[in-house]
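Under this note's numbering, the first residue of the sequence shown carries the number 3, and numbering increases by one thereafter.
Here a beta-carbon is modelled for each residue, glycine too, at the ideal position from N, C-alpha and C.
Written below as structure tokens is the structure these notes are about.
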Amino acid sequence: LPELKREIEMYEHLFGDIENIGIKAIDEVYVTQFGFKTVCRNGSVGLKEIEPKQLREYLPGHGKAAAFPKIKDDEKSIINYNIYLSWVLCMLNNKTLIDVAGDFARMLREYEAGGARSKMGRANKVLALLDASSRRQFIEKLTEILADDAANGEFFTELVVETDKMQADKFPYFLTLIKFKYTFIKSKN
3 LPELKREIEM YEHLFGDIEN IGIKAIDEVY VTQFGFKTVC RNGSVGLKEI EPKQLREYLP
63 GHGKAAAFPK IKDDEKSIIN YNIYLSWVLC MLNNKTLIDV AGDFARMLRE YEAGGARSKM
123 GRANKVLALL DASSRRQFIE KLTEILADDA ANGEFFTELV VETDKMQADK FPYFLTLIKF
183 KYTFIKSKN
């Protein structure tokens, strides 16, 4: 990143000049795990240093269920969503996985909306998949969905292969990205 002194500079660098979003709003919302000003004083700003403070609530693991993002149509929610999403994208740093996460989130939403008799059963399966805390559990839950959705079987099989090849420390970010994309798609319907 170029020379940055304030959170608004980083936001503008990542998202461009966005109308109707003020400096104060960015300063209030973008709180890093270690404090943005402290990190800047220390010299180098890396991804770990600018991790959004409450992002860990959405990451799987740590012995508790990860939260789902709440996407509202207000300034603060939009800023939070963009900041969290951009950080997760940077941590993954893999265009293929980013594209796969978006496609998979759309498929999950279509799967959940399909099936006239058992919509709640499908919704529960999707939530169980998104609450997975490990790659193994994710693959097990995906297999349950595959039993109902053979049409996407080839994609799901490729997803299992990609998930299995994935570095263990990247999986939480991948699953969080799917969860963010899924929640965004669901909020638009």
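query, result
"Helix, strand or coil at P71 according to DSSP, with G and I counted as helix", "coil"
"Where the alpha helix (DSSP H) containing N82 begins and where it ends", "77–94"
"Proximity of L179 and I100 at Cβ, strictly below 8 Å", "yes"
"P62 and L177 closer than 8 Å at C-beta", "yes"
"With 16 other Cβ atoms within 10 Å as the buried cut-off, status of E114", "buried"
"Contact under 8 Å by Cβ, Y175 with L94", "yes"
"For R137 and T159, believed in contact at Cβ under 8 Å, the rounded distance", "Not quite, the Cβ-Cβ distance comes to about 15 Å (not below 8 Å), so this is no contact."
"Whole alpha helix (DSSP H) elements within the region 103–177, 4-residue minimum", "121–132, 137–150, 155–167"
"DSSP state of L3 mapped onto helix, strand, coil", "Because L3 sits at a pLDDT of 45, beneath the cut-off of 50, its placement in the model cannot be relied upon, and the point is left open."
"Minimum C-alpha distance to R124 - residue among I141, S135, L148, F140", "L148"
"L99 in three-state terms, based on DSSP", "helix"
"F182 versus K167 - alpha carbon distance", "22 Å"
"Distance between beta carbons of I73 and Y83, contact taken as under 8 Å", "6 Å"
"Under the three-state DSSP convention, the category L179 falls into", "helix"
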